[in-house]
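Worksheet: one structure, shown below.
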């Protein structure tokens, strides 16, 4: 369980805070964080992976303040819609990398990477990452993420254009983890859903009710989609 307790976040170069006392709870299974375009989705993820710290308030993960948990013990996997890789290295190298840094024996990590690649339909694993289209890069990111078990999976605008059936199928790859979908698209909401508007929590509850709440807010995403 992850708890945001009165979190404020203001970057030094901004005149106004991005988060203004946000409080909510993310449960043990499926969760969605809904924010408008350019309203702090990635910043929420950066807070959870300890890339930045809140200006005020506290984040608690499994009963412990997040600042007391080492990065190695945090067990959070961050999956961006535009994932980063060693661009001039092969698909196989990038998938194996989390195991390599954990000093897993070469033959074991190689076999694990091959098994996961086959499961996801990845082929020609000697191809360089800088040659791949975005859809395939995301599949490589999934494969890399599956090499090491994690307790929490953050999906930061990962499902652009996907329908809910495809999203659920992808989330099922991490069925033993707590999935947190971070998006501006209310159609992608699943499970326990938190709606943040103007830096504060305006709703927490089931996905369908959250979609109705978002429809009342006049978000930029909905305006762009209707054009």
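Residue numbers (our numbering): -19 to 207. No residue lacks a Cβ here, since even glycine has one placed at the ideal position from N, Cα and C.
Hey, could you find the ends of the alpha helix (DSSP H) residue i is sitting in?
{"i": "residue 58", "result": "Where residue 58 is concerned, there is no enclosing alpha helix (DSSP H), although the beta strand (DSSP E) it sits in stretches over 56 to 60."}
{"i": "residue 3", "result": "Segment -1 to 6 is the beta strand (DSSP E) holding residue 3; no alpha helix (DSSP H) there."}
{"i": "residue 122", "result": "114 to 126"}
{"i": "residue 194", "result": "187 to 195"}
Please name the residue, chosen from the options, that lies closest to residue i on a Cα-to-Cα basis.
{"i": "residue 2", "options": "62, 40, 199 and 182", "result": "182"}
{"i": "residue 16", "options": "187, 188, 179 and 84", "result": "179"}
{"i": "residue 96", "options": "130, 120 and -17", "result": "120"}
{"i": "residue 19", "options": "184, 175 and 190", "result": "175"}
{"i": "residue 92", "options": "35, 39 and 75", "result": "75"}
{"i": "residue 12", "options": "44, 161, 198 and -16", "result": "161"}
{"i": "residue 64", "options": "37, 152, 122 and 27", "result": "122"}
{"i": "residue -13", "options": "153, 37, 58 and 138", "result": "37"}
{"i": "residue 154", "options": "8, 193 and -16", "result": "8"}
{"i": "residue 127", "options": "115, 82, 116 and 135", "result": "82"}
{"i": "residue 78", "options": "45, 168, 139 and 125", "result": "125"}
{"i": "residue 262", "options": "169, 197 and 198", "result": "Nothing about residue 262 can be read from this structure; the chain reaches only from -19 to 207."}
{"i": "residue -9", "options": "25, 35 and 89", "result": "35"}
{"i": "residue 116", "options": "-3, -15 and 138", "result": "138"}
Roughly how many angstroms lie between the CA atoms of residue i and residue j, to the nearest whole one?
{"i": "residue 4", "j": "residue 150", "result": "25 Å"}
{"i": "residue 166", "j": "residue 145", "result": "14 Å"}
{"i": "residue 70", "j": "residue 109", "result": "6 Å"}
{"i": "residue 157", "j": "residue -5", "result": "37 Å"}
{"i": "residue 191", "j": "residue 112", "result": "34 Å"}
{"i": "residue 171", "j": "residue 186", "result": "6 Å"}
{"i": "residue 29", "j": "residue 103", "result": "31 Å"}
{"i": "residue 85", "j": "residue 94", "result": "14 Å"}
{"i": "residue 184", "j": "residue 164", "result": "15 Å"}
{"i": "residue 114", "j": "residue 62", "result": "7 Å"}
{"i": "residue 99", "j": "residue 14", "result": "30 Å"}
{"i": "residue 67", "j": "residue 25", "result": "23 Å"}
{"i": "residue 21", "j": "residue 73", "result": "30 Å"}
{"i": "residue 10", "j": "residue -18", "result": "12 Å"}
DSSP on residue i, reduced to helix/strand/coil?
{"i": "residue 84", "result": "coil"}
{"i": "residue 154", "result": "helix"}
{"i": "residue 78", "result": "helix"}
{"i": "residue 95", "result": "helix"}
{"i": "residue 204", "result": "Low confidence applies to residue 204: its pLDDT is 46, below 50, so where it sits in the model is not reliable, and the reading given next is rough at best. Reduced to three states, the DSSP call for residue 204 is helix."}
{"i": "residue 146", "result": "helix"}
{"i": "residue 52", "result": "helix"}
Assuming residue i is part of the beta strand (DSSP E), what are its boundary residues?
{"i": "residue 175", "result": "172 to 177"}
{"i": "residue 163", "result": "158 to 163"}
{"i": "residue 41", "result": "36 to 41"}
{"i": "residue -17", "result": "-18 to -11"}
{"i": "residue 105", "result": "Neither: residue 105 is in no beta strand (DSSP E) and is coded neither H nor E."}
{"i": "residue 135", "result": "132 to 136"}
What are the residues that DSSP puts in a beta bridge with residue i?
{"i": "residue 181", "result": "176"}
{"i": "residue 25", "result": "Per DSSP, none; premise fails for residue 25."}
{"i": "residue 9", "result": "Answer is none; residue 9 lacks a bridge partner."}
{"i": "residue 64", "result": "Residue 64 is not bridged to any residue."}
{"i": "residue 70", "result": "108"}
{"i": "residue -5", "result": "Partner(s): none; residue -5 has no beta bridge."}
{"i": "residue 14", "result": "163 and 175"}
{"i": "residue 45", "result": "40"}
Is there at least one non-hydrogen atom of the ligand NAD closer than 7 Å to the beta-carbon of residue i?
{"i": "residue 127", "result": "Ligands in the displayed structure: none, and consequently the ligand NAD is not present."}
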